[in-house]
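Here the structure comes first, spelled out in structure tokens, and everything after it is commentary.
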Amino acid sequence: MRCKQKIEAWSEEEDDYVTQICGDMGRMLNNVSESAEDLETTMGRVSTAFERAWEAYSEERKPSHHRKKWWNEDCKKAYQEMGENGGPRNKEMRNKMRKTLRIARRQYFDKQIHSMASDRKRPWDLMPWTRERKMPAVEAILDSEGNSCNNEEKLFETLHNTYNAADNREVEEFEEREWVKFSVQEFHDVLKNCAKNTAPGPDHVSWRLWKQFATDDTVCQFVTKIANACFDTGYWPQHFKQSISVIIPKPGKSSYDKAKSFRPIVLLNKMGKLIEKMIARRLQFESIEAGVIHPCQTGGILQRSVEDAAVALTHHVHTAWAKKKVTSVLAFDVAQFFPSLNHNVLSKIFKHFGFSASVVSFFSDYLVGRKTQYFIDNITSPLFDSNVGVGQGSALSPILSALYIAPCFHLLDKWVKDEEDRIHFPLISFLSFVDNGLLVATGDCRMDTHDTLKEVYAQMTSIFKDYGLVMEHTKTELFNFADSARNKYSPNPSINLGVAPFTRESPCIPKDVWRYLGIMFDRNLTFRDHVKFYSTKLVSAVRCMKSLGNSNRGLTPKQKRLLYILCIQPIATFGLRCWYKPGTRAFKTNIKMLCLTHNQGARWITGAFKTSPMGAMSAVAGLMPLHLQLKKLFERSVIRINTLHPNHPVLSLLERRKAKGSILHPNALERKSKTIRNVIKSPLDSVIDNPSSEIFDPLSEHIKPGHRLVDRHPDKVKFVLMPKNRKDRDEYHSNLNLAPVREPNTLHLFTAGVKHKFDPSVPLPHRTHSHIALVTVFKGQAITSKTRAAGRRVNDETIVVWSTFLALIKAHKKLQKGLPISKVILYTTSQLIVKNLMSTNSKPLGSQLSIAVSLAFDAIATDFPEVNIEVRGFNKSWATAPGTYTEDSGMLQPLAQISGDRKDVYRALSFFPSICLISLH
């Protein structure tokens with residue numbers, strides 16, 4: 001049996017391990033230089049430091065005969081007693097042993113459930129316990145000639161040959177763009193989003209340990225410096241190029257005797273993977289902003305999801321029905337897409353799309369000289385050269401694969417629009433989700449649509465071949481939508497693609513129900529099969545969740561409710577945007593099927609009987625009525641459209657005023673009256689009537705990584721946290737009250753807001769405005785006191801944003817007057833909101849409020865570099881204490897009186913970035 005090295009979590013050994021690693025990195029901080037040789041030497045020392053610390057503090061765990069974690073001393077004692085009294089043949093001893101094992105298992109798993117649900121507060125980690133435990137694949141893998149791989153050498157050779165193959169092609173050059181250096185804030189933003197429960201890489205380090213490393217500032221600076229040195233030198237250290245490819249079976253395969261039935265998942269060294277995440281985040285923004293990614297591409301790309309592709313397809317079909325035309329689609333797949341990307345082609349694509357010379361130089365080295373070990377069935381292979389492909393598991397694989405396949409769709413788009421190569425009935429649309437493509441054709445009859453699909457499919461195959469990609473024809477699927485929404489018996493002919501296996505003798509036969517990206521399409525777009533599939537699946541899942549708790553033990557009702565809302569409802573409502581349209585066919589049927597899942601969940605949460613009334617049971621369980629829950633989710637999806645970036649595939653199907661400058665598709669809803677839209681019944685129809693007027697710019701220069709205020713001026717704004725201890729907090733607030741007197745050359749900006757409660761029955765125009773207040777203090781005197789109306793229906797974040805923006809505008813104007821100000825101090829009741837606004841991390845990205853506050857901070861930092869900015873928090877109860885202003889009491893008490901004075905209310909401020917710039921300059 002193989003022994004495993006391990007460091008126990010949260011142990012003293014782990015603390016010593018973290019301390020040693022942080023110390024080693026801190027000592028190597030000044031050794032990072034701009035030469036490839038020194039960078040390789042430094043990373044060699046890092047690798048040695050990790051190995052030395054791992055060997056010093058890890059312990060060898062030898063697996064015993066009884067390897068179950070629930071096995072305890074009582075089980076051991078009962079086992080020995082049974083052996084001394086006749087063994088399993090003794091019925092009394094055998095029953096006693098079974099009882100002991102049952103009690104031990106129950107105690108262990110009850111403790112684990114309590115630990116995950118109550119102590120860690122992560123009940124969703126228990127969901128894998130409820131899933132089916134599939135047997136591992138035991139078939140012998142066959143090589144390319146059909147012979148069994150009966151030894152390790154032949155097995156790994158077959159796997160390696162399957163996951164490595166591609167060709168070459170010349171690519172033109174485009175204009176070059178600038179690449180700025182990484183900042184420490186980017187390091188923190190990326191690490192914050194890393195899950196703690198992922199598998200460690202070859203360096204044995206998990207994300208949980210890296211988050212402990214990041215508490216040391218020298219470690220953050222060291223990693224950032226390494227990342228910048230990699231681009232300065234155009235070199236990716238060999239330490240990061242070694243990986244382990246874990247071979248796992250693809251789900252749902254009928255046979256596992258071929259290597260293509262398995263998927264290689266790459267495990268990388270965590271520091272290299274962290275830098276890759278920083279690079280991927282940059283590439284996402286730059287690729288979308290520059291128009292590198294084709295509008296048809298979804299999946300693995302910022303703000304482009306599976307449902308976006310499904311909604312676009314549904315819209316095209318409904319539009320065709322309104323024009324009395326028919327629609328056919330052809331879905332195709334690329335064979336071994338991720339492992340087959342040619343590195344030379346990818347390097348030229350970077351140059352073709354105008355990336356900086358440092359980026360091209362970096363990826364020219366990043367993609368070559370890589371080595372990997374294959375791991376399957378507890379067997380590890382020797383090192384293999386891996387000069388093609390991007391591993392699934394690398395943070396760069398989604399964006400690199402999208403960049404690789406983008407020229408193919410640009411070429412197809414150009415071919416379709418070319419007059420010389422124009423086909424008789426032009427292609428209406430084509431979509432792509434990573435390596436899964438879809439061709440959509442609309443015509444007067446099936447013959448026209450099939451001829452179109454056949455010709456475009458041949459052209460797509462030719463383009464892929466030029467880029468070293470191979471179309472997997474056996475996975476190609478045809479689907480013919482019905483002639484109309486009500487015609488159930490429309491013709492459903494097959495298609496001859498002219499390539500094996502779909503020829504004249506064995507054409508591609510269309511399906512009656514087609515699964516695309518997890519959504520089940522039927523020919524009439526009722527989505528009954530889709531809702532039935534997921535509701536049936538989740539009813540079974542809820543029944544399996546009974547093993548996690550009942551009315552006597554296990555999860556509490558509150559934890560059950562949380563688990564149901566987080567793990568069941570999102571799956572049940574998947575694809576909701578495609579079919580949620582009250583009044584259409586099958587809408588009520590779909591709601592009734594989802595009610596079965598909802599009722600099962602409420603019954604499991606409350607532990608009620610089957611005969612209990614469902615309405616009361618849902619109320620006791622704390623679940624919103626299903627029809628209201630679906631309405632809320634759909635309305636949120638409609639509002640989400642405002643947050644999308646320009647040239648998004650969904651925006652091109654809307655009206656021009658909603659499209660944010662995107663090129664409109666011929667099937668767009670532009671200049672279509674309400675009557676025509678009622679005939680089309682598009683899932684995007686509700687977006688046109690959306691009254692939301694808030695503007696988002698997710699590609700703004702001020703929120704791009706590397707261009708933000710926190711990236712360019714990381715030490716300009718300092719945050720002073722409020723103490724948690726009550727005694728220290730009282731002293732802290734006392735010092736705040738006297739700060740205007742003790743710091744006379746500092747501009748003090750005290751901000752607060754009051755959110756007024758209102759009666760829901762009162763109409764919105766007659767409700768009272770919430771208010772913001774600002775008191776400006778300089779040299780111990782209040783020189784400004786203002787209140788402003790913040791709006792009738794605003795949240796706490798908006799109130800803080802308005803007050804912060806008003807204060808920063810006032811500070812900039814005072815600085816422009818030439819007052820002897822050495823520091824600007826902003827006092828706020830919510831430092832976290834201000835910090836997120838300044839770093840533009842507030843969701844959704846691109847909010848005008850967030851950009852405006854960032855602009856205000858940036859104006860002070862740029863125009864007055866000698867002035868420091870400090871943000872201090874205070875408790876709102878101190879500002880609302882009764883009393884009047886005196887030199888001893890300070891400024892916090894009268895602040896509440898100013899903000900609560902409804903008589904001193906001015907007009908609401910119009911808030912747009914252009915006005916912000918005019919106000920600041």
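Residues in the sequence shown are numbered from 1 upward in steps of one, following the UniProt record's numbering. Glycine included, each C-beta is placed from N, C-alpha and C at the ideal position. Owing to the predicted nature of the structure, the values given are computational and were not obtained by experimental measurement.
> Grouping DSSP H, G and I as helix and E and B as strand, with all else coil, what is V800?
Replying inline: Locating residue 800 in the sequence shown gives position 800, where the first residue counts as 1. V800: helix per DSSP, three-state reduction.
> Assuming L412 contacts Q459 under a Cβ cut-off of 8 Å, what Cβ separation, rounded to an integer in Å, is found between them?
Replying inline: Taking the sequence shown and counting its residues from 1, the one referred to as residue 412 is at position 412. Taking the sequence shown and counting its residues from 1, the one referred to as residue 459 is at position 459. The pair is a contact, with the Cβ atoms about 7 Å apart (cut-off 8 Å).
>> Pop quiz: Y374 and W236 are said to be a contact at Cβ under 8 Å. What is the actual Cβ separation, rounded to whole angstroms?
In response: Mapped onto the sequence shown, residue 374 falls at position 374. Mapped onto the sequence shown, residue 236 falls at position 236. That pair is no contact at about 22 Å.
> Can you give the Cα-Cα distance for F222 and M25, rounded to whole angstroms?
Replying inline: Walking along the sequence shown from the start, residue 222 turns up at place 222. Walking along the sequence shown from the start, residue 25 turns up at place 25. The alpha-carbon atoms of F222 and M25 are separated by roughly 7 Å.
> Helix, strand or coil for L538 per DSSP?
Replying inline: If you number the sequence shown from 1, residue 538 lands on position 538. Helix at L538.
> Of the choices V741, A320 and V329, whose alpha-carbon is the least far from that of D444?
Replying inline: For the purposes of this step, residue 444 is taken as the residue at position 444 of the sequence shown. Residue A320 is the option with its Cα nearest to D444.
> In three-state terms, what does DSSP make of Q600?
Replying inline: Within the sequence shown, numbered from 1, the residue matching residue 600 stands at position 600. The answer is helix: DSSP assigns Q600 an H, G or I state.
>> Restricting to Cα atoms, I'd like to know which of P865, N678 and S506 is closest to G583.
In response: Position 583 of the sequence shown holds residue 583. Checked all of P865, N678 and S506; the closest Cα to G583 is N678.
> Shortest alpha-carbon distance to N745 belongs to which of K660, L849 and V867?
Replying inline: Position 745 of the sequence shown holds residue 745. With distances taken between Cα atoms, N745 lies closest to V867.
> How would you label A9, buried or exposed, when you count the other beta carbons within 10 angstroms and need 16 or more for buried?
Replying inline: Taking the first residue of the sequence shown as 1, we reach residue 9 at position 9. A9 is exposed by the Cβ-count criterion.
> Touch check for the region 515-532 and the region 568-587: three-plus C-beta pairs under 8 Å?
Replying inline: Output reads yes: the region 568-587 touches the region 515-532.
> G706: buried (16+ other C-beta within 10 angstroms of its C-beta) or exposed?
Replying inline: Here residue 706 refers to the residue found at position 706 when the sequence shown is read from its first residue. Buried: at least 16 other Cβ atoms inside 10 Å.
>> Please report the straight-line C-alpha distance between residue 923 and S429, rounded to a whole angstrom.
In response: The chain is shown only over 1 to 921; residue 923 falls outside these bounds and no answer can be derived.
> Of all the beta strand (DSSP E) runs that stay within the bounds of the region 275-303, which reach a length of 3 or more residues?
Replying inline: none
> For C220, which residues of its own chain have a beta-carbon under 8 Å away from its beta-carbon, when the five flanking residues on both sides are left out?
Replying inline: Against the sequence shown, residue 220 aligns to sequence position 220. Only residues of its own chain outside the window of five on either side were considered, and among them V184, F187, H188 and A214 have a CB closer than 8 Å to the CB of C220, listed in chain order.
>> So for V368, helix, strand or coil by DSSP?
In response: Residue mapping note: residue 368 aligns to position 368 of the sequence shown, counting from 1. Coil at V368, not helix or strand.
>> Just to confirm before moving on: does the CB-CB distance between S347 and F363 stay below 9 Å?
In response: Residue 347 sits at position 347 when you count from the first residue of the sequence shown. Residue 363 sits at position 363 when you count from the first residue of the sequence shown. Closer than 9 Å, so yes.
> For E477 versus V717, is the C-beta spacing smaller than 9 Å?
Replying inline: Along the sequence shown, one-based indexing puts residue 477 at 477. Along the sequence shown, one-based indexing puts residue 717 at 717. Not a contact, by the Cβ cut-off of 9 Å.
>> With H, G and I counted as helix, E and B as strand and the rest as coil, what does DSSP make of Y827?
In response: Your numbering for residue 827 matches position 827 in the sequence shown. Y827 falls in the strand class under three-state DSSP.
> In this structure, does DSSP put Y516 in helix, strand or coil?
Replying inline: Here residue 516 refers to the residue found at position 516 when the sequence shown is read from its first residue. Reduced to three states, the DSSP call for Y516 is strand.
> For M667, which three-state DSSP category applies?
Replying inline: Taking the sequence shown and counting its residues from 1, the one referred to as residue 667 is at position 667. According to the sequence as given, residue 667 is Asn; it is not Met. N667 falls in the coil class under three-state DSSP.
>> Is it buried or exposed, K681, if we count other Cβ atoms within 10 angstroms and call 16 or more buried?
In response: By one-based count along the sequence shown, residue 681 stands at place 681. Buried, by the Cβ-count rule.
> Which residue comes first and which comes last in the beta strand (DSSP E) that contains residue 922?
Replying inline: Residue 922 lies beyond the stretch modelled for the chain, which goes from 1 to 921, so this question has no answer here.
> Skipping 5 residues on each side, what residues in its chain have a beta carbon closer than 7 Å to that of A572?
Replying inline: Within the sequence shown, the letter at position 572 stands for residue 572. If we look at A572 and ignore the five residues flanking it on each side, its Cβ neighbours are Y534, S535, L538, L594 and T597.
> Does the beta-carbon distance from A807 to T776 come in below 9 Å?
Replying inline: As a first step, residue 807 must be located in the sequence shown, where it is residue number 807. As a first step, residue 776 must be located in the sequence shown, where it is residue number 776. Yes, they are a contact pair.
> With 16 other CB atoms within 10 Å as the buried threshold, where does I833 fall?
Replying inline: Counting from 1 along the sequence shown, the entry for residue 833 is found at position 833. With 16 or more other Cβ atoms within 10 Å, it is buried.
> Looking only at DSSP bridge pairs, what is I495 linked to?
Replying inline: Numbered from its first residue, the sequence shown carries residue 495 at position 495. Partner(s): C508.
> How many Å lie between A896 and E797 at the Cα?
Replying inline: Taking the sequence shown and counting its residues from 1, one reaches residue 896 at position 896. Taking the sequence shown and counting its residues from 1, one reaches residue 797 at position 797. For A896, the predicted model reports a pLDDT of 39, less than 50, meaning its position is unreliable; a value from the coordinates is still stated below. About 18 Å.
> In angstroms, rounded to a whole number, what distance separates the CA positions of K843 and Q303?
Replying inline: The residue labelled residue 843 in the question sits at position 843 within the sequence shown. The residue labelled residue 303 in the question sits at position 303 within the sequence shown. Approximately 12 Å, taken between the alpha carbons.
>> DSSP three-state label for G23, please.
In response: Within the sequence shown, residue 23 is the residue found at index 23, counting from 1. Three-state result, G23: helix.
> Out of curiosity, what's the CA-to-CA distance linking N95 and K475?
Replying inline: The residue given as residue 95 occupies position 95 in the sequence shown. The residue given as residue 475 occupies position 475 in the sequence shown. Spanning the two alpha carbons is a distance of roughly 54 Å.
> Just reading off the beta strand (DSSP E) that A752 is part of, what are its end residues?
Replying inline: Here residue 752 is taken as the residue at index 752 of the sequence shown, counted from 1. Looking at the DSSP string, the run of the beta strand (DSSP E) that includes A752 is T746 to V754.
> With distances taken from CA atoms, which of S484, S540 and I809 is nearest R132?
Replying inline: Start at 1 with the first residue of the sequence shown, and residue 132 comes out as number 132. According to the sequence displayed, residue 132 carries Glu and not Arg. Residue S540 is the option with its Cα nearest to E132.
>> Just verifying my parser: in three-state terms, what is the DSSP assignment at R872?
In response: Taking the first residue of the sequence shown as 1, we reach residue 872 at position 872. Correct three-state label for R872: strand.
> From D483, D125, P493 and L525, pick the residue whose C-alpha is nearest to that of C567; which is it?
Replying inline: As a first step, residue 567 is located in the sequence shown; it is residue number 567 there, counting from the start. It is D125 whose Cα lies nearest to the Cα of C567.
> Is the beta carbon of M93 sitting closer than 9 Å to the one on G86?
Replying inline: Taking the first residue of the sequence shown as 1, we reach residue 93 at position 93. Taking the first residue of the sequence shown as 1, we reach residue 86 at position 86. Yes, these two residues count as a Cβ contact at 9 Å.
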